[in-house]
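Quick mapping for you: the protein sequence lines, in order, are chains A and B.
If you're matching positions, the first sequence starts at 1012 in our numbering and goes up one per residue.
If you're matching positions, the second sequence starts at 4 in our numbering and goes up one per residue.
Have a look at the structure below before the remarks.
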Amino acid sequence: MEPESEQFKQRSREEEDIASRQAEQSGAQPAEFETPEELIRHDAARTEVPASVEARLKDSLANEPKPKPGIWKRLFGGGD
Amino acid sequence: MAELESSGESDATTAPDWQSPEHAAIYEEHSRSIYYLALRMLSDPAQAEDAAHDVFLKAFRKLDTFRGDAGLRTWPYRIAINHCKNLLQTWHRRTMVNNVDDAVWQTTPSSSESPLRALETKELGERIQRTLDCLPEEYSLLLLLVADEKLSYEEVGELTEQSADAVRGKLHRARKAFRAAFEK
């Protein structure tokens, strides 16, 4: 066995160890997906909708003009 | 008494309530899928937020029209797709990117059976985004819609104005293109 080749293998193993340790430390889990849509579905499931969307939407709806009452209600009046 | 106690400072910071339980239910059911579609179509979280807001506002304004419609499940998607396409047309984005990258995935050998491997990191979303950005808009949209298990191929075909058979055929090519670009 040539010393250079042995050194190369040793270095590769060290690099692999470092990469796997970094992955462990960062909490990264390797995952496999059979199809692109499975991967996309997974990504969609972990993507949170920003709360600001709901808040802005509620604000916008609250400021929407109220629909005019129908002709019968205007003629004969409503209960409220 | 309770009203008096709850009024004051908290009122200024609390968002108003939903106008109707129907709005709340529709938002609850569709918000994630619509926001995600907008996010991936527009490639921009801030634009996606605006788009999701606008889509639901349009949807709620037309609620009476859609009430009782058999396609109740697809109409928020329809509004979202049209809205995002209009924005993209305005920005004149995508077309140049597509032309450049078509050749890459078209000439890459197919590895359609091997699973896609990815690390569970926050960069995964960015990688998916980069991959979708490389694909023709039609392929990206097909994959995004088919990823929603609630939608049938018929409904995806309806949303993309083609037959379910055409969806199946294009989906095969879209998957191949995605794999090639994702593993690049």
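Note that CB positions come from ideal geometry on N, CA and C, so glycine has one too.
None of the values given here were measured: they were computed from a predicted structure.
Between the stretch 164-177 of chain B and the stretch 1060-1067 of chain A, do at least 3 Cβ pairs fall closer than 8 angstroms? no
query: Cα-Cα, which of A/LYS1069, A/PRO1076, A/ILE1082, A/GLY1081 is closest to B/PRO19?
result: A/LYS1069
Hey, is B/HIS56's beta-carbon within less than 8 angstroms of any beta-carbon in chain A?
-> yes
Worksheet entry | Pairwise C-alpha distance: B/LEU144 and B/ASN85 | 12 angstroms
Considering only their Cβ atoms, is the gap separating B/ARG35 from B/LEU119 smaller than 8 angstroms? no
| task | For the alpha helix (DSSP H) holding B/ALA121, just list the boundary residues, first then last. | result | Looking at the DSSP string, B/ALA121 is not in any alpha helix (DSSP H); the run it does join, the beta strand (DSSP E), is 119-122.
*asked:* Distance cutoff 8 angstroms, beta carbons only. Does B/GLU32 sit that close to anything in chain A?
replied: no
Q.
Residues of chain A with CB closer than 7 angstroms to the CB of B/TYR39, please, in chain order.
A. ALA1055, THR1058
> Can you list, in chain order, the stretches of the alpha helix (DSSP H) that have 4 or more residues and sit fully within the stretch 129-173 of chain B?
Replying inline: 140-149, 156-162
Original post:
Exposed or buried, which one is B/ALA41 when buried takes at least 16 other CB atoms within 10 Å?
Top reply: buried
| message | Quick check on this structure: which residue in A/ARG1057, A/LEU1086, A/GLU1075, A/GLU1048 has the alpha carbon closest to the alpha carbon of B/ARG176? | response | A/GLU1048
B/GLN22 versus B/ALA180: straight-line alpha-carbon distance, rounded: 44 angstroms
Helix, strand or coil for A/PHE1087 per DSSP?
helix
Discussion item. With DSSP as the reference, identify every bridge partner of A/GLU1043, one or two as the case may be.
Written reply: B/ARG120
Handout entry: Contacts of B/GLY128 in chain A (Cβ-Cβ under 9 angstroms)
Key = ASP1054, ARG1057, THR1058
Tell me where the alpha helix (DSSP H) around B/ASN89 begins and ends.
78-94
Going along the chain, which residues of its own chain have a beta-carbon closer than 6 angstroms to the beta-carbon of B/PHE63, five neighbours each way excluded?
HIS26
query = The alpha helix (DSSP H) with B/GLN50 in it runs from where to where?
reply = 48-64
If I measure Cβ to Cβ from B/TRP78 and keep anything under 6 angstroms in the same chain, skipping five residues before and after, which residues do I get? PHE69
* To do: Have a look at B/GLU140, B/GLU157, B/ALA169 and flag the residue whose alpha-carbon is nearest the alpha-carbon of B/GLN92.
  => B/GLU140
Using a beta-carbon distance below 8 angstroms, is B/HIS26 in contact with chain A? yes
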